[in-house]
Amino acid sequence: KSDRTPLDVGMCFSNEPMLVIDGAFGVRLEDHFYMTENGPEWFTEPSHSIDDPFGYEA
869 KSDRTPLDVG MCFSNEPMLV IDGAFGVRLE DHFYMTENGP EWFTEPSHSI DDPFGYEA
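If you count the sequence shown from 1, you need to add 868 to reach the numbering used here.
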């Protein structure tokens, strides 16, 4: 069942895309957001890439 509650200022939510190769491995990246009057904002900067998730090479 989907939830159609409108996002409102002050609400927090996450986006958690995941890739799983059954029996081999899995990886999930989590991004956390909060709603402002101008739209969603990240709590922390998103990953630069899957090869440099912490931005060491940026």
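Where is the CB? At the ideal position from N, CA and C, for every residue including glycine.
With DSSP as the reference, label F901 as helix, strand or coil.
It is a strand residue.
With a Cβ-Cβ cutoff of 7 Å, do E884 and R896 count as a contact?
Contact: yes.
Measure the Cβ-Cβ separation of F881 and F901 and say whether it is below 7 Å.
Yes, these two residues count as a Cβ contact at 7 Å.
For L887, I'd like the list of residues in its chain whose CB is within less than 6 Å of its CB, leaving aside the five on either flank, ordered along the chain.
Within the same chain, L887 has close Cβ partners V895.
Following the continuous beta strand (DSSP E) through L887, name the residue where it begins and the one where it ends.
It spans 886 to 889 - the beta strand (DSSP E) in which L887 sits, taken as one unbroken run.
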